[in-house]
Amino acid sequence: MSQDLPTIGTVTTVDVDGLEVRTARGGSNVGAPILLTSPWPESIYAFRDVLPGLAEAGPFVALDLPGFGVSQGREDLMSPKAMASFIIKFTEQFGMTNMHAVGPDIGALALLFAAADRPDLFKSLVVGSGATSVELAAGGLVDLIASPRGAFRDAEGGDLGVGFVKGAAARPTPSPVMEDYRRSSAGTRFEEATNFVRAYNSELPELKTLLPTISTPVLVLAGRRDAVVPPANGQLLKDLLPHSKYVLLEGGHLIWEDAADEYASEIFDWVAHGHRDV
Numbered sequence: 106m107s108q109d110l111p112t113i114g115t116v117t118t119v120d121v122d123g124l125e126v127r128t129a130r131g132g133s134n135v136g137a138p139i140l141l142t143s144p145w146p147e148s149i150y151a152f153r154d155v156l157p158g159l160a161e162a163g164p165f166v167a168l169d170l171p172g173f174g175v176s177q178g179r180e181d182l183m184s185p186k187a188m189a190s191f192i193i194k195f196t197e198q199f200g201m202t203n204m205h206a207v208g209p210d211i212g213a214l215a216l217l218f219a220a221a222d223r224p225d226l227f228k229s230l231v232v233g234s235g236a237t238s239v240e241l242a243a244g245g246l247v248d249l250i251a252s253p254r255g256a257f258r259d260a261e262g263g264d265l266g267v268g269f270v271k272g273a274a275a276r277p278t279p280s281p282v283m284e285d286y287r288r289s290s291a292g293t294r295f296e297e298a299t300n301f302v303r304a305y306n307s308e309l310p311e312l313k314t315l316l317p318t319i320s321t322p323v324l325v326l327a328g329r330r331d332a333v334v335p336p337a338n339g340q341l342l343k344d345l346l347p348h349s350k351y352v353l354l355e356g357g358h359l360i361w362e363d364a365a366d367e368y369a370s371e372i373f374d375w376v377a378h379g380h381r382d383v
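So the numbering used here is basically just the index in the sequence shown, starting at one, shifted up by 105.
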């Protein structure tokens, strides 16, 4: 087995708002840009089997959000609303407008806040697998949301992140990718990232009030057997977003890995024409 990370485009780090963040760029030279934000506790390599299916959809940029993947973090960005502000700065710095944005897991909430604040930036969103109400979270996510600050400071975060992926993924993860995931949560990074979901208690109620005001077309894409963010979370979005479509794929929380081909196909069709039909 190759010990090299899979090819996901041109991978580099860029400085945004004083932070070094990792990106991967690729896709075609025509069409609206596509931004993808990495899920937690993985990284942009979670999209290794999705991006080939989007190669002809348009130019893409995959982003490890600050404090996630291997990007530098900062305490003041560890909440959905604050991360939304960073995403807006990122897109403005690189001239990304009228874009499609794909944000599973933690990225879903940040993108929804961003679209509520700056609808002019987004042609459509693809979200899902992120808790939309604290009461609808399940499994270990409930404990993370309720955990006091510092609860995991003495733990090796890389072990926690890798342990979750091993338990949740329906398919084996290549060793180099798993090591990238380990780096993403290494040391105290898992504890620091947990502050993002701790903020759900205060910010998810606010997001719920904003959902009916979001005019951007939204595809909600999630796993039917998600044990930490059950399908009821996606249904809440479908019920409250004015222009939305909800698709459940066969798989669990890591649906972008469990059913990568189907995940990519749904996004491709949505970007090509589906976003105009809701």
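The beta carbon of each residue, even a glycine, is placed where N, CA and C say it ideally should be.
Judged by DSSP secondary structure, F195 falls within the alpha helix (DSSP H) whose first and last residues are P185 to Q198.
Per the C-alpha coordinates, the member of V383, S280, V267 and S307 positioned closest to W145 is V267.
The distance from the Cβ of V231 to that of I372 is about 6 Å, consistent with a contact at the 8 Å cut-off. With a 10 Å radius around the Cβ and a threshold of 16 neighbouring Cβ atoms, S307 comes out exposed.
Collapsing the DSSP output to three states places E125 in a strand.
With a cut-off of 8 Å on Cβ pairs, the segment 119-134 is in contact with the segment 157-177, counting three or more such pairs. Its chain contains G357 and H358 as the residues whose beta carbon lies nearer than 6 Å to that of D331, once the 5 sequence neighbours on both sides are disregarded; these appear in chain order.
With distances taken between CA atoms, K343 lies nearest to V325 out of V325, R153 and A220.
Apart from the 5 residues on each side of it in sequence, D109 sits with its Cβ closer than 8 Å to the Cβ of P281 in its chain, given in chain order. Leaving aside the five residues that flank Y351 on each side, the residues in its chain whose CB is nearer than 6 Å to its CB run, in chain order, V325, G339 and K343. Shown here, T318 sits in a helix according to DSSP, grouped into three states.
DSSP, reduced to helix, strand and coil, places L246 within a helical segment of the structure shown.
Ranked by Cα distance from F195, the options A167, L214, S252 and S370 are led by A167. In this structure G262 touches F295 by the C-beta definition: roughly 3 Å separates them, less than 8 Å. For A151, the closest C-alpha among the options R276, A377 and L354 is that of R276.
Under the DSSP assignment, F218 falls in the alpha helix (DSSP H) whose first and last residues are I211 to D222.
The C-beta separation of L216 from V302 comes to about 16 Å, leaving the pair out of contact by the 8 Å criterion. A direct Cα-Cα distance of roughly 15 Å separates G379 from L159. The beta carbons of T115 and V126 sit no closer together than 8 Å. Sorting S370, A377, D382 and R381 by C-alpha distance to the C-alpha of P157 places S370 at the top. Contact between the segment 126-145 and the segment 208-222 is present: 3 or more CB-CB pairs across the two stretches fall below 8 Å.
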